[in-house]
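Right, one structure below, let's go through it.
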Amino acid sequence: MYNVRPTKPCYNNYFPTERELIFDIDINDYDDIRTCCTGDQICPKCWKFMALACKILDNGLRIDFGYNHILWVFSGRRGIHCWVCDQRARILSPSERQTVGKYFQIINGGKYTYKKVKLDNRTQYLISSALDMIRPIFVPFIVKEQDILGTNERLAKFLNVIYDAEDREALRSQMETLETSSQRWNTFVCYIENLLDKTKKEHHKYTYLIDEIMLQYTYPRMDIKVTETMNHLLKGPFCVHPKTGKISVPFSISTVDEFSTDNVPTIEILTEEMTKIDLEEGESVENINAERKNYKTSLDPALTVFREFISNLEYDK
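So in our numbering, spot 173 of the sequence shown is number 265, and the numbers just go up one at a time.
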């Protein structure tokens with residue numbers, strides 16, 4: 093929402109007064125930790141990163157900030173968008189949006205930063221609740237399925253989080269003799285826990301190491317610039333992605349684990365479905381009632397989610 097219509101002739105002093113609080117998460121930002129795909133590719137294994145990001149971020153927005161009207165949308169290609177539509181979220185200033193974004197931003201550093209998460213004894217509820225979600229799935233999802241320690245190359249990359257050269261080499265010599273990621277992970281955990289048991293004072297730098305690694309390999313990776321500004325361009329729900337032809341569809345957080353990017357309809361599929369429905373009902377293609385037909389196409393689940401979201405938003409006005 094702008095102070096005046098941006099198209100108003102001879103008026104250049106327009107600016108946004110309201111905008112949804114938005115979070116943008118792209119799968120290619122996980123390239124340094126995922127092993128199944130790279131770049132813009134996204135498979136069912138990749139989607140587990142997105143699903144976990146949804147759960148962690150959604151929980152934080154609701155519990156820590158008290159927001160209720162949160163819409164999750166698949167971008168149509170490589171990521172997800174979170175639209176927070178509560179009134180008090182829409183009127184946040186850029187500096188306030190930056191504060192919210194930084195609250196959720198715990199992954200820091202570029203590709204040359206080996207250890208990207210640093211915790212201390214002031215760990216907030218956000219981190220503890222995220223770890224409650226991560227711990228039960230870390231081994232089956234990250235260690236086994238993503239096979240993060242499955243090769244010596246991956247092992248060497250993983251051990252770069254250990255800054256102490258003596259400990260790093262000791263771990264490398266033990267772990268390289270093992271065959272599976274699970275065996276290597278168990279050895280790593282035992283080594284760190286033994287160090288902490290012997291003398292916590294000397295090895296205090298490892299106190300949160302296992303949790304830090306779990307977060308580094310699973311925690312949401314957001315494009316913070318999208319959250320901070322009020323004028324960043326972002327495709328709205330039900331837009332067509334120009335490169336894939338897929339529709340940007342809303343989905344329910346309650347069924348995020350079952351969501352499949354392969355089942356997202358394309359504009360071509362929708363056109364065929366609507367034409368088929370029209371012909372079956374005995375109408376001419378020219379008289380297609382798009383609004384009525386949409387709910388009989390593969391777009392119906394997304395429309396149902398969106399309609400329910402809008403209904404709840406209007407109810408709370």
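Backbone N, C-alpha and C fix where the C-beta goes; we use that ideal spot for every residue, glycine too.
Less than 9 Å separates the beta-carbon of I162 from that of I345. For P334, the closest alpha carbon among the candidates I226, T127, S167 and L144 is that of S167. The straight-line gap separating the alpha-carbon atoms of I240 and S185 is approximately 40 Å.
Here F351 has W139, A143, F166 and F343 as same chain residues with Cβ atoms under 8 Å from its own Cβ, once five neighbours each way along the sequence are excluded. Rounded to whole angstroms, the gap between the alpha carbons of V318 and C174 is 11 Å. P136 carries a helical assignment under DSSP once its states are collapsed to helix, strand and coil. G131 carries a coil assignment under DSSP once its states are collapsed to helix, strand and coil.
In the DSSP secondary-structure assignment, P342 is bridged to V165. The segment 235-253 and the segment 265-274 touch, with no fewer than 3 CB-CB distances between them shorter than 8 Å. The distance from the Cβ of A222 to that of I148 is about 5 Å, consistent with a contact at the 8 Å cut-off. Note on geometry: alpha-carbon atoms of G201 and Q308 lie some 11 Å from one another. In the displayed model, H333 falls within coil according to three-state DSSP, outside both helix and strand. The three-state reading of DSSP puts H324 in coil, since its state is none of H, G, I, E or B. Looking from the CA of G328, the closest CA among N151, V176 and Y204 belongs to V176. DSSP places G201 outside both helix and strand once states are collapsed to three, so it counts as coil. C-alpha of D370 to C-alpha of R227: approximately 50 Å in a straight line. For L371, the enclosing alpha helix (DSSP H) starts and ends at I359 to E372.
The beta carbon of M314 sits closer than 6 Å to the beta carbons of F115 and I117 from its chain, once the five residues preceding and following it are set aside; these are given in chain order.
Residue burial annotation: I172 is buried, with at least 16 other C-beta atoms found within 10 angstroms of its C-beta. E245 is not a Cβ neighbour of I183, given a cutoff of 9 Å. DSSP places V356 outside both helix and strand once states are collapsed to three, so it counts as coil.
Contact between K338 and T363 is ruled out by a C-beta separation of about 13 Å, above the 8 Å threshold. Between L251 and M225, the C-beta spacing is not below 9 Å.
When C-alpha distances from Q216 are compared across D156, T396, D408 and V397, the shortest belongs to D156.
Apart from sequence neighbours up to five positions away, the residues of its chain that approach K203 with a beta-carbon distance below 8 Å are D124, ordered along the chain.
In terms of CA proximity to D150, Y311 leads the group A248, I119, Y122 and Y311. Bounds of the beta strand (DSSP E) holding F115 are L113 to D118.
Note on K208: 16 or more other CB atoms within 10 angstroms of its CB, so buried under the neighbour-count rule. For S187 and G158, the gap between their C-alpha atoms comes out near 19 Å.
Here S390 has N355, P357, I361, L362 and E365 as same chain residues with Cβ atoms under 8 Å from its own Cβ, once five neighbours each way along the sequence are excluded.
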